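Student: Counting from -2, one number per residue, gives the positions in the sequence shown under the working numbering.
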Amino acid sequence: MSNKMSVTTKILIAMCLGLIAGSLINAFAHNIEFVQTYLVNGLFHVIGAAFVNSLKMLVVPLVTFSLICGVCGIGDVAALGRVGIKAFALYIATTGLAITLALTVAILFAPGEGFEQVTGTASFTPKPAPPLTDVFINIVPSNPVNAFAEGNMLQIIFFVIIFAIAMLMTGDIGRQLAETAEKLNEVMMKVVTLVMDFAPIGVFFLMAKTFSIQGIGLILPMIGYFSVVILCLLLHGLGTFSLLLALFAKLSPWVFIKKMRPAHIFAFSTASSNATIPVTLQVVEKRLGVNNATAAFTVPLGATINMDGTAIMQGVATVFIANVYAIDLGLTDYLTVVGMSILASIGTAGVPGVGLIMLAMVFNQVGLPVEGIGLILGVDRILDMVRTTVNITGDATVTCIIARTENNLDDKVFQNPDAGIITEVELPHKS
Ligand code: ASP
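1. Can I418 and V200 be called in contact, C-beta distance under 8 Å?
2. Distance check for K187 and G177, CA to CA, integer angstroms please.
3. What does DSSP give as the partner residues of L406 in its beta bridges?
4. Residues in the same chain with beta-carbon distance under 6 Å from K53, minus the five sequence neighbours each way, listed in chain order, please.
5. Along the alpha helix (DSSP H) that carries K53, what are the first and last residues, could you check?
6. In the DSSP assignment, find the alpha helix (DSSP H) that holds L231 and state where it starts and stops.
7. When the Cα atoms are used, what is the spatial distance from R284 to A260?
8. Following a CB-centred definition, is V296 positioned closer than 7 Å to any heavy atom of the ligand FAD?
9. Just to confirm, are P138 and F160 a CB contact at a threshold of 8 Å?
10. What residue range does the alpha helix (DSSP H) around S239 cover?
11. T237 to F106, Cα distance in whole Å?
12. Under 8 Å by Cβ, that's how I've got L356 and Q412 pegged, so tell me the actual separation to the nearest angstrom.
13. Tell me whether the beta-carbon of G299 lies closer than 8 Å to the beta-carbon of Y88.
14. With DSSP run on the structure shown, which of helix, strand or coil describes P141?
15. In three-state DSSP terms, what is G212?
16. Please report the Cβ distance between N303 and S342, rounded to the nearest whole angstrom; I am assuming they are in contact, meaning their Cβ atoms lie under 8 Å.
17. Output the boundary residues of the alpha helix (DSSP H) element that contains H261.
18. Between the C-alpha atoms of L16 and G371, what's the straight-line distance to the nearest angstrom?
19. Flag D381 as yes when its Cβ comes closer than 7 Å to any non-hydrogen atom of the ligand ASP, and as no otherwise.
20. Let's see if you can read the secondary structure: which residues bound the alpha helix (DSSP H) around S249?
21. Using beta-carbon positions only, say whether D74 and P297 come within less than 8 Å of one another.
22. Can you list, in chain order, the residues of its chain with a C-beta nearer than 6 Å to that of D415? Leave out the 5 residues immediately preceding and following it.
23. Under a Cβ-count criterion, where at least 16 other Cβ atoms within 10 Å of its own Cβ denotes burial, should K247 be classed as buried or exposed?
24. From I162, F202, L235, pick the residue whose C-alpha is nearest to that of L486; which is it?
25. Does DSSP put G117 in a helix, a strand or coil?
26. Buried or exposed, going by whether 16 or more other CB atoms sit within 10 Å of the CB of R467?
27. Which residues mark the beginning and the end of the alpha helix (DSSP H) in which T329 is found?
28. Report the three-state DSSP secondary structure of F472 (helix, strand or coil).
29. Can you determine whether any heavy atom of the ligand ASP sits closer than 7 Å to the C-beta of V348, and answer yes or no?
30. For F25, is the classification buried or exposed, using 16 other Cβ atoms within 10 angstroms of its Cβ as the cut-off for buried?
31. I need the boundaries of the alpha helix (DSSP H) containing G312, first residue and last residue.
32. Using 8 Å as the threshold, is the stretch 266 to 282 in touch with the stretch 314 to 328, meaning 3 or more CB pairs across them?
33. Please report the residue range of the alpha helix (DSSP H) in which D169 lies.
34. Just verifying my parser: in three-state terms, what is the DSSP assignment at N149?
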């Protein structure tokens, strides 16, 4: 058991060590050129980025094979539609809850009131956010090969579902293909495990790089905003989701949180729901006992359209900037923020920092100064790491609820503390 636990424990230790090493460099060696050039922007950057690439490398093939298995596993189009509608409705509902909670808590604590704004510190030029009409049009790929090449998740999901439905309609040929997809899926899951073997090293360098650049000192002047976002993320991540899990999935939130740990660590260190998909899928299927038929569909969809943590940041940021600039927001403005944040969450791909770009869209709608985003930029990376963790917890929670209602959750696997534990892979060798 202790040996089996080792990979996750090792990753956790690597994460803490990376955090400490990075913070030490930030505090004592931030102006030593050698350290910056060869360590932070050299070794740390190269290994960290290569590790994130190795995770992203898994996403497209894994989602493809796993989704084919999922659709063929569900077996009929009506059931597929039902799962789709449930997923969409639950993802929107949880994001709605998240943004409402964020606005309520932020209005209560009023961060940013009396904030001494040093003139000239706020500068932010947002990259243009895609128009919402395009978000919907672009769900349909005009060229699936392009969609796969670019890793456009919504387009891939759309194409693979249609392809898999066609497989269901072609009888024997489709069935043979499905068997092949199942084998390929199994192999891809093994590739995930292989990549995980390098995770302690990758996570260490990722954390070391982030915290060498992102000193704790940046947080202090923004402590009001920072703590309200963290408070809301904790309330939603531990409170709302636990309640939903206990009520609708009849599952123990405690076991759920414990088993989600590997996915949490990856989301936190990569700040990308998309790059975390392989780990989330593995945890949800092998550790929490959700059948591939549900998880293969709801996890990648959630990583793309469900971002409760991001919506929370946007809610608190709106109240904060309104307070800093002493702009009064009325009920209509708040309702607009709720609607826009939900839409922004759908339109935002799960990659680092993208939540800020969509925040510009929210600000434009309610007439807040977009350059105000410059104020919160400094602390955004750390908040991004925490909110991504909340984002993927939301995906897993909704997946468990849907799996329960579809009778696709194996309670024996969920209850078994050793189920699907990530162990070190023994490489094959000739004896
Ligand atoms: N990094 C977030 C994610 O991947 C998105 C964001 O809030 O910027 O889930």
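From the three backbone atoms N, C-alpha and C, an ideal C-beta is built for every residue, glycine too. Quantities reported herein were computed from a predicted structural model and do not represent experimental measurements.
Tutor: With the given structure in hand:
1. no
2. The sequence given here has Thr at residue 177, not Gly. Looking at the two C-alpha atoms, the distance is approximately 16 Å.
3. V287
4. A272
5. 42 to 71
6. 220 to 231
7. 11 Å
8. As presented, the structure is devoid of the ligand FAD, carrying the ligand ASP as its sole ligands.
9. no
10. 238 to 241
11. 20 Å
12. Wrong, their Cβ atoms sit about 41 Å apart, outside the cutoff.
13. yes
14. helix
15. coil
16. 7 Å
17. 258 to 267
18. 25 Å
19. yes
20. Where S249 is concerned, there is no enclosing alpha helix (DSSP H), given that its DSSP letter is neither H nor E.
21. One detail in the question is off: residue 74 reads as Val in this sequence, not Asp. The answer is no: Cβ separation not under 8 Å.
22. none
23. exposed
24. Only positions -2 to 428 of the chain appear in the structure, and residue 486 is not among them; the question remains open.
25. Because the pLDDT at G117 is just 47, under 50, the model does not fix this residue reliably, and the point stays unresolved.
26. Only positions -2 to 428 of the chain appear in the structure, and residue 467 is not among them; the question remains open.
27. 328 to 344
28. Because the chain in this structure spans residues -2 to 428, residue 472 falls outside the shown range and cannot be described.
29. yes
30. exposed
31. 305 to 321
32. no
33. 168 to 193
34. coil
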